[in-house]
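Asker: Pasting a structure below so you can have a look.
In this note's numbering, the protein residues as written are 9 to 75.
Spelled out as structure tokens, the structure:
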């Protein structure tokens with residue numbers, strides 16, 4: 009099965025890991041921030057309302073660092 013991204017694309021991961029801070033890294037941070045404040049909040053709310061088990065799994069991974 010092909011891997012899918014969670015929050016970051018592989019390219020964004022590379023930009024964030026880079027020691028060179030430049031426009032690519034700035035743009036990656038901006039895109040990620042938008043996903044966190046727009047898309048992620050919506051997704052979490054949908055999970056909370058419509059699939060509490062998945063919401064609990066997500067919460068456990070994010071808040072407790074468990075997989």
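Cβ atoms here follow ideal geometry from the backbone N, Cα and C, with glycine treated the same way.
Could you have a look at residue 45 and say whether DSSP puts it in helix, strand or coil?
Answerer: Helix, per DSSP.
Asker: Determine the contact status of residue 20 and residue 36, defining contact as a CB-CB distance below 7 Å.
Answerer: In contact: residue 20 and residue 36 (Cβ atoms closer than 7 Å).
Asker: Tell me whether residue 58 is buried or exposed, calling it buried when 16 or more other Cβ atoms sit within 10 Å of its Cβ.
Answerer: The residue in question, residue 58, is exposed, as its Cβ has fewer than 16 Cβ neighbours within 10 Å.
Asker: The ligand HEM heavy atoms versus the CB of residue 62: any closer than 6 Å?
Answerer: Annotation note on the ligand HEM: not contained in the displayed structure, which lists no ligands.
Asker: Under three-state DSSP, which class holds residue 62?
Answerer: Residue state, collapsed to three classes: helix.
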